[in-house]
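Residue numbers (numbering that gives the first Met the number 0): 0 to 269.
In what follows, a structure is listed as structure tokens, so that the remarks can point back to it.
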Amino acid sequence: MRRRWPRGAEGPCPASGPWGATLPRVHPPSDPEFRPLGGKAYGSIPHLPGSRTGPADRHLSPALTRWCTERTRDAQDHVVVLEKLDGSCVAAARLGDSVVALGREGRLARFSPNDARRLWAGWVAANAERFLSVLQPGERLVGEWLALAHGTRYALTHEPFVCFDLMRGHERLPWHEVTARVRPGGFVTAGLLHQGGALRIDAALERLQGGGFHGALDPVEGAIWRMERCEGGTARVEFLTKYVRSDKVDGCLLPENTGRAAIWNWRPES
């Protein structure tokens, strides 16, 4: 008997989509390693000088750093600086008329051993129509899932998902397009610190004092710089970079690191 999948639920999808992309077929797999997109949902971002890094992290080149933090090349450069959030990087991808909840690594969140990731899957399912109102087949909305406190507690005054990218394959939309596209779905976007010319790191951090835009109860993790280029009436994103404060400790509030109960910024209403 052929299984029928409700609109918005995770299920089979067309084998091809716009932009000449081939979309993997989504079956209800039992393999927790299955990746519907064929790879990661979101890549790594290089660091600015002085940013706290880990063994696998890399730094942005000095030339690109200057364009972001000192002086842009010319009037066509457009720098957007956003608050960097401290949660779990996740994505909701539209495959055909279905929306799937993914972790950053690209696996289906509903099969994750992590409680917070499974909550993300449930939240996407409950809000599938909102995602469908924003995304075209082959697109994904990427953001931070703030339900569980990782290294920063938040007194959230909005829903626990904060989006910061709308992507097609490896391409991301410029920030003004992201905000316009997510508006019909009513999604929250990362706090905007600055847009225009270059912005120094210290100037960005000064604007994050007092908890930032999302109710941080601990020092805000840092900021993201988006370098966009406007030519011929169109804009494109050239690269991203980030700054993480030097005393930031990843996952310092997670129960596997503290031996104590999880701290939840948000839980679904009973």
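Quick reminder that beta carbons are idealized off the backbone N, C-alpha and C, glycines included.
task = For residue 137, count neighbouring C-beta atoms within 10 Å of its own C-beta (all shown protein chains included) and say buried if the count is 16 or more, exposed if not.
result = As a working note, residue 137 is residue 138 in the sequence shown. It is buried - the Cβ of residue 137 has at least 16 other Cβ atoms within 10 Å.
task = With residue 100 as the anchor, note down where its beta strand (DSSP E) starts and where it stops.
result = The residue you call residue 100 lines up with position 101 of the sequence shown. Looking at the DSSP string, the run of the beta strand (DSSP E) that includes residue 100 is 97 to 102.
task = Return the first residue and the last residue of the alpha helix (DSSP H) that residue 229 is part of.
result = In the sequence shown, the residue the question calls residue 229 occupies position 230. Note, residue 229: premise wrong, no alpha helix (DSSP H); beta strand (DSSP E) at 221 to 230.
ask   = When burial is assigned at 16 or more other CB atoms within 10 Å of the CB, is residue 216 buried or exposed?
value = As a first step, residue 216 must be located in the sequence shown, where it is residue number 217. The residue is exposed, with fewer than 16 neighbouring Cβ atoms inside 10 Å.
task = Grab me the residues of residue 130's own chain with a C-beta within less than 6 Å of its C-beta, minus the 5 sequence neighbours each way, in chain order.
result = The count along the sequence shown starts at 1 and reaches residue 130 at position 131. Hits under 6 Å: 91 and 98.
task = Could you tell me how far apart the beta carbons of residue 89 and residue 194 are, in whole angstroms, since I believe they sit closer than 8 Å?
result = If you number the sequence shown from 1, residue 89 lands on position 90. If you number the sequence shown from 1, residue 194 lands on position 195. Contact check for residue 89 and residue 194: beta-carbon distance about 25 Å, past the 8 Å limit, so the pair fails to qualify.
query = Just curious, the alpha helix (DSSP H) that residue 82 is in, first and last residue?
reply = In the sequence shown, the residue the question calls residue 82 occupies position 83. Counting along the chain, residue 82 falls outside any alpha helix (DSSP H), though it belongs to the beta strand (DSSP E) covering 76 to 83.
ask   = Which value, in whole angstroms, describes the spacing of the CA atoms of residue 70 and residue 133?
value = The count along the sequence shown starts at 1 and reaches residue 70 at position 71. The count along the sequence shown starts at 1 and reaches residue 133 at position 134. Those two C-alpha atoms are separated by around 35 Å.
message = Cutting at 6 Å between CB atoms, please list the residues of its own chain near residue 27, excluding the five before and the five after it.
response = Here the question's residue 27 lines up with position 28 in the sequence shown. Any reading at residue 27 needs caution, since the residue's pLDDT is 49, under 50, leaving its predicted position unreliable; the model's value is listed next. Nothing listed; no residue qualifies.
request  = Measure the alpha-carbon distance for residue 219 versus residue 230 and round it to whole angstroms.
outcome  = Counting from one through the sequence shown, the residue named residue 219 turns up at place 220. Counting from one through the sequence shown, the residue named residue 230 turns up at place 231. So the two alpha carbons sit approximately 34 Å from each other.
inquiry  = Checking 7 Å against the spacing of the C-beta atoms, do residue 267 and residue 261 come in under that value?
reply    = Start at 1 with the first residue of the sequence shown, and residue 267 comes out as number 268. Start at 1 with the first residue of the sequence shown, and residue 261 comes out as number 262. Taking C-beta atoms as the reference points, residue 267 and residue 261 fail to come closer than 7 Å.
key: At least 3 beta-carbon pairs within less than 8 Å: the region 195 to 203 vs the region 145 to 163   = Not touching, per the Cβ criterion.
request  = State the beta-bridge partners of residue 164 as determined by DSSP.
outcome  = On the sequence shown, residue 164 is found 165 positions in, with the first residue counted as 1. Answer by DSSP bridge pairing, in chain order: 141.
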